[in-house]
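*Asks:*
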Amino acid sequence: MTRQRVTEEPQPVRKWNDVFTAISAEPRRQLVASLLDQPTAQSVSLPDGATPATSFGDRDTLRQELHHRHLPLLADMGFIEWDTDPLVASRGPRFEDVAVVCKSLHANASEIPESLLEGSHWLE
Numbered sequence: 001m002t003r004q005r006v007t008e009e010p011q012p013v014r015k016w017n018d019v020f021t022a023i024s025a026e027p028r029r030q031l032v033a034s035l036l037d038q039p040t041a042q043s044v045s046l047p048d049g050a051t052p053a054t055s056f057g058d059r060d061t062l063r064q065e066l067h068h069r070h071l072p073l074l075a076d077m078g079f080i081e082w083d084t085d086p087l088v089a090s091r092g093p094r095f096e097d098v099a100v101v102c103k104s105l106h107a108n109a110s111e112i113p114e115s116l117l118e119g120s121h122w123l124e
């Protein structure tokens, strides 16, 4: 029997994985974009700050998804801080890690294939 060594990912790999996990869902991308539009110390109201401009979804469902999935994930990674009463989010200690990737995508949106832009309102 061979023994497998369990090794941890190097810290830079973990950081990149965190960033790509954070922006892998539309409400999280929209929240990052909303926070980028605000002054540094200002929070955004939710669910509005995580709702795409042309969303036809149910606000109550989005509120539950934010509370139980999206906000805890972003907060655990240090990208945001959030409160429940009222439901708001603000920049966390690692916000710049995810912000710089989103800013780079915005700056280069003209280079992104149209098939990836369709429905991605946060890049418009």
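Residue numbers for the sequence shown follow UniProt numbering, so the first one is 1 and each next one is one higher. Ideal Cβ placement from N, Cα and C applies to all residues, glycine included.
(1) Could you give the residue range of the beta strand (DSSP E) that holds residue 83?
(2) Where do the N-terminal and C-terminal ends of the alpha helix (DSSP H) with residue 62 fall, by residue?
(3) Assuming residue 50 and residue 62 are in contact, meaning their beta carbons sit under 8 Å apart, how far apart are those beta carbons, in whole angstroms?
(4) Suppose you measure from the CA of residue 69 to the CA of residue 110; what does that come to, to the nearest Å?
(5) Would residue 46 pass as an interface residue toward chain C - the criterion being a Cβ-Cβ separation below 8 Å?
(6) If you measure between the beta carbons of residue 89 and residue 19, is that distance less than 8 Å?
(7) Who does residue 91 pair with in a DSSP beta bridge?
(8) State buried or exposed for residue 29, treating a residue as buried only when at least 16 other CB atoms are found within 10 Å of its CB.
*Replies:* If we stick to the structure as given:
(1) Here residue 83 refers to the residue found at position 83 when the sequence shown is read from its first residue. Counting along the chain, the beta strand (DSSP E) containing residue 83 begins and ends at 80–84.
(2) Taking the sequence shown and counting its residues from 1, the one referred to as residue 62 is at position 62. Element bounds for residue 62: 59–65.
(3) Counted from its first residue, the sequence shown places residue 50 at position 50. Counted from its first residue, the sequence shown places residue 62 at position 62. About 7 Å; that satisfies the 8 Å criterion.
(4) Taking the sequence shown and counting its residues from 1, the one referred to as residue 69 is at position 69. Taking the sequence shown and counting its residues from 1, the one referred to as residue 110 is at position 110. About 31 Å.
(5) No chain C is part of this structure, which consists of one protein chain only.
(6) As a working mapping, residue 89 is identified with position 89 in the sequence shown. As a working mapping, residue 19 is identified with position 19 in the sequence shown. Contact: no.
(7) Here residue 91 is taken as the residue at index 91 of the sequence shown, counted from 1. Note: residue 91 sits in a beta bridge opposite 80.
(8) Mapped onto the sequence shown, residue 29 falls at position 29. The residue in question, residue 29, is buried, as its Cβ has 16 or more Cβ neighbours within 10 Å.
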